[in-house]
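Asker:
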Amino acid sequence: MDIGVNISESSPVRVISKLLEGLDYGYLTQAYSKNKGRKRKIEAYKMFFIIAYAMFDGVNTTRAIEKNCRENINYMWILRGCPAPDHNTAIRFISNYKIEVEDLF
Numbered sequence: 828m829d830i831g832v833n834i835s836e837s838s839p840v841r842v843i844s845k846l847l848e849g850l851d852y853g854y855l856t857q858a859y860s861k862n863k864g865r866k867r868k869i870e871a872y873k874m875f876f877i878i879a880y881a882m883f884d885g886v887n888t889t890r891a892i893e894k895n896c897r898e899n900i901n902y903m904w905i906l907r908g909c910p911a912p913d914h915n916t917a918i919r920f921i922s923n924y925k926i927e928v929e930d931l932f
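Take 828 as the starting number for the sequence shown in my numbering and just add one per residue.
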């Protein structure tokens, strides 16, 4: 089932998606994929989108981001079938990729 059918075209999550899809994620993706260890379960641009949308949505803790990714249809739509990141994944992304995120703008 496509959960996107339950989200209107004028919904903030769709508007933000349109704004973010024009960015060049090459530098962020390259840095994010250099991580040694196991393969990432979520792409860099989706992780960035989740963090950006959470900030817009007034969500200010990584535990709340994790909860929203599991329970909120807007966050699930962003993930599009990827597993919800846990709060540690969000913390690492925020801490480790500041320069790459700044480079998006």
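Note that CB positions come from ideal geometry on N, CA and C, so glycine has one too.
Quantities reported herein were computed from a predicted structural model and do not represent experimental measurements.
Pick helix, strand or coil for T888, following the three-state DSSP scheme.
Answerer: What you label residue 888 is simply residue 61 of the sequence shown in a count that begins at 1. The answer is coil: DSSP assigns T888 none of H, G, I, E or B.
Asker: Given a threshold of 16 other Cβ atoms within 10 Å of its Cβ, counted over all protein chains shown, does V842 qualify as buried or as exposed?
Answerer: Within the sequence shown, residue 842 is the residue found at index 15, counting from 1. Result: exposed.
Asker: Any chance the region 904-918 sits against the region 873-883, with 3 or more Cβ pairs inside 8 angstroms?
Answerer: Contact between the region 904-918 and the region 873-883 is present, because at least three Cβ pairs lie under 8 angstroms.
Asker: With a cut-off of 8 angstroms, do at least 3 Cβ pairs link the region 886-894 to the region 914-931?
Answerer: Taking 8 angstroms as the limit for Cβ pairs, the verdict is that the region 914-931 does touch the region 886-894.
Asker: If contact is defined by three or more beta carbon pairs under 8 angstroms, each pair taking one atom from either stretch, is the region 901-910 in contact with the region 849-859?
Answerer: As far as the Cβ criterion goes, the region 849-859 does not touch the region 901-910, which means the pair count is below three.
Asker: Rounding to the nearest angstrom, what Cα-Cα distance links I834 and S922 in this structure?
Answerer: Counted from its first residue, the sequence shown places residue 834 at position 7. Counted from its first residue, the sequence shown places residue 922 at position 95. Approximately 31 angstroms between the Cα atoms of the pair.
Asker: With DSSP as the reference, label Y859 as helix, strand or coil.
Answerer: For this step, residue 859 is matched to residue 32 along the sequence shown. Note: Y859 maps to helix in three-state DSSP.
Asker: Starting from R867 and walking both ways along the alpha helix (DSSP H), at which residues does that stretch end?
Answerer: Taking the first residue of the sequence shown as 1, we reach residue 867 at position 40. No alpha helix (DSSP H) contains R867, which DSSP labels as neither H nor E.
Asker: For P897, tell me which candidate among N887, G885, I877 has the shortest Cα-Cα distance.
Answerer: As a position in the sequence shown, residue 897 is number 70, starting the count at 1. This sequence places Arg at residue 897; Pro is not what is there. Checked all of N887, G885, I877; the closest Cα to R897 is I877.
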